[in-house]
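>
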Amino acid sequence: MTQATVSPARRTETAAQLRRGRILREVRSILRHLLLALLAGIWLVPILRLLVTSFSTDRGINVRRFFPASYTISNYVNILFHPDSVAQFPRWFTNTLVVACFNCVISTCFVLMVAYTLSCCRFKGRKLLQNLSVIVNLFPGVLAMIAVYFVLKYLNLTNSYAGLIMVYAGSSGLGYLICKGFFDTIPVSLREAAKLDGASDARVFFQVVLPMSRPILVYTIISSFMVPWTDFVMAKMILNSGLSADWTVAIGLYNMLQKTLINNYFALFCAGGVLVSIPISILFVIMQKFYVEGITTGADKG
1 MTQATVSPAR
11 RTETAAQLRR
21 GRILREVRSI
31 LRHLLLALLA
41 GIWLVPILRL
51 LVTSFSTDRG
61 INVRRFFPAS
71 YTISNYVNIL
81 FHPDSVAQFP
91 RWFTNTLVVA
101 CFNCVISTCF
111 VLMVAYTLSC
121 CRFKGRKLLQ
131 NLSVIVNLFP
141 GVLAMIAVYF
151 VLKYLNLTNS
161 YAGLIMVYAG
171 SSGLGYLICK
181 GFFDTIPVSL
191 REAAKLDGAS
201 DARVFFQVVL
211 PMSRPILVYT
221 IISSFMVPWT
231 DFVMAKMILN
241 SGLSADWTVA
251 IGLYNMLQKT
261 LINNYFALFC
271 AGGVLVSIPI
281 SILFVIMQKF
291 YVEGITTGAD
301 KG
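Residue numbers for the sequence shown follow the UniProt record's numbering, beginning at 1 and rising by one.
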């Protein structure tokens, strides 16, 4: 049936259906965005409470009102420049930064090496090794806490940053899946051409694969840095000497929430929570482009 033979009533009905479909799509889009805005608002409420309380003149926890009666920056000044026996934030920050930097370097090397081996090398038992690593990853790391603690105690590595870094970095190679997915997208012909020219696997890795893997490299670095920065369970188990100067940020801030301390240190706790988030936020904003590209490309298995 040509357009000339279509009746005016049929054309009017078709136009009305198109308008109704367009309006329905717009309504659905508005509802989806409203739902997302509501969820974002709910997610931001605790962060906003943490931020405004960090500027509160009330040192203790206040459950009567959301916003404080008056504001001050003395909480940030005290936690940064006037540490006491309870709040030693500069020392905690330094401890956490040292552990995070060492773990970042070691874990990134482990993840990249494991991912390259399982993606670009062919050897007997490769599939079995991949399957076993995936199965092991299904179990949370806290299940091995007691065994890890006694091993470190036998080696005299409890209450030491070396033992903590070993725990963080020791199993980091199991997190190779996203990195391997990225390496799988690199053309095999490039590696084969390099090997035909006499390049070893190490040279192929450093001069061919890594220069093309900047997004996944950034993603791996950020992920490795964030593990010790936000961890509490493993750090509390290993650094259990009771000396507050040896704690990481997570342990120190948690200690401020004790029943005997919270009425005097809750505002300082909130200020410390804001300060802890600043380095990670800056790092993420700067590297966001490569971080997202690393995740999305690494999820493509071709």
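Virtual Cβ for every residue (Gly too), placed ideally from N, Cα, C.
(1) Report all residues from its chain with a CB closer than 8 Å to the CB of Ala261; omit the five preceding and five following residues, and keep chain order.
(2) From the DSSP output, which residues share a beta bridge with Tyr168?
(3) Once you ignore the five residues that flank Trp92 on each side, which residues in its own chain have a CB closer than 7 Å to its CB?
(4) Specify the secondary structure class of Tyr149 as computed by DSSP and reduced to three states.
(5) Are the segment 198-216 and the segment 147-156 in contact at 8 Å, needing three or more beta carbon pairs?
(6) By DSSP, does Tyr71 sit in helix, in strand, or in coil?
(7) Is it right to say Phe225 is buried, meaning 16 or more other beta carbons lie within 10 angstroms of its own, or is it exposed?
(8) Can you give, in chain order, each stretch of the alpha helix (DSSP H) that sits fully within the segment 170-243 and has at least 4 residues?
(9) Hey, could you find the ends of the alpha helix (DSSP H) Cys121 is sitting in?
(10) Determine whether the beta carbon atoms of Phe49 and Asn264 lie at a separation below 8 Å.
(11) For Ser56, write down the residues that DSSP places opposite it in a beta bridge.
(12) Quick check: Ser70 and Ala267, are their CB atoms within less than 8 Å of each other?
(13) Excluding the 5 residues flanking Ser133 on each side, which residues of the same chain have their C-beta closer than 6 Å to its C-beta?
(14) What are the start and end residues of the alpha helix (DSSP H) that includes Ile61?
(15) In the DSSP assignment, the alpha helix (DSSP H) including Gly252 goes from what residue to what residue?
(16) Restricting to Cα atoms, I'd like to know which of Thr57, Leu210 and Ile61 is closest to Val111.
(17) Taking three-plus beta-carbon pairs below 8 Å as touching, is the segment 168-186 in contact with the segment 214-224?
(18) Taking three-plus beta-carbon pairs below 8 Å as touching, is the segment 98-108 in contact with the segment 160-173?
The answer reads as follows:
(1) Taking the sequence shown and counting its residues from 1, one reaches residue 261 at position 261. The residue asked about is misnamed: residue 261 is Leu in this sequence, not Ala. So the qualifying residues of the chain are Val86 and Asn255.
(2) On the sequence shown, residue 168 is found 168 positions in, with the first residue counted as 1. According to DSSP, which records beta bridges pairwise, Tyr168 is partnered with nothing at all.
(3) Counted from its first residue, the sequence shown places residue 92 at position 92. The answer, listed in chain order, is Trp247, Thr248, Val249 and Gly252.
(4) Position 149 of the sequence shown, counted from the start, is the residue given in the question as residue 149. Here Tyr149 sits in helix by DSSP.
(5) no
(6) Sequence index remark: in the sequence shown, residue 71 carries index 71 (1-based). Residue state, collapsed to three classes: strand.
(7) Counted from its first residue, the sequence shown places residue 225 at position 225. Burial call: buried.
(8) 177-184, 188-196, 201-204, 214-230 and 233-238
(9) Reading the sequence shown from its first residue, position 121 is the one you call residue 121. It is not in any alpha helix (DSSP H) - Cys121 carries neither H nor E in the DSSP assignment.
(10) If you number the sequence shown from 1, residue 49 lands on position 49. If you number the sequence shown from 1, residue 264 lands on position 264. Per the sequence presented here, residue 49 reads as Arg, with Phe not at that position. Cβ atoms of Arg49 and Asn264: not closer than 8 Å.
(11) Translated into positions along the sequence shown, residue 56 becomes position 56. Paired residues: Tyr71.
(12) Working through the sequence shown from its first residue, we reach residue 70 at position 70. Working through the sequence shown from its first residue, we reach residue 267 at position 267. Not in contact: Ser70 and Ala267 (Cβ atoms no closer than 8 Å).
(13) Taking the sequence shown and counting its residues from 1, the one referred to as residue 133 is at position 133. Leu174.
(14) The residue given as residue 61 occupies position 61 in the sequence shown. That residue, Ile61, is in no alpha helix (DSSP H); it is neither H nor E in DSSP.
(15) Here residue 252 refers to the residue found at position 252 when the sequence shown is read from its first residue. Residues Val249 to Asn255.
(16) Mapped onto the sequence shown, residue 111 falls at position 111. The residue with the shortest Cα to Cα distance from Val111 is Leu210.
(17) yes
(18) yes
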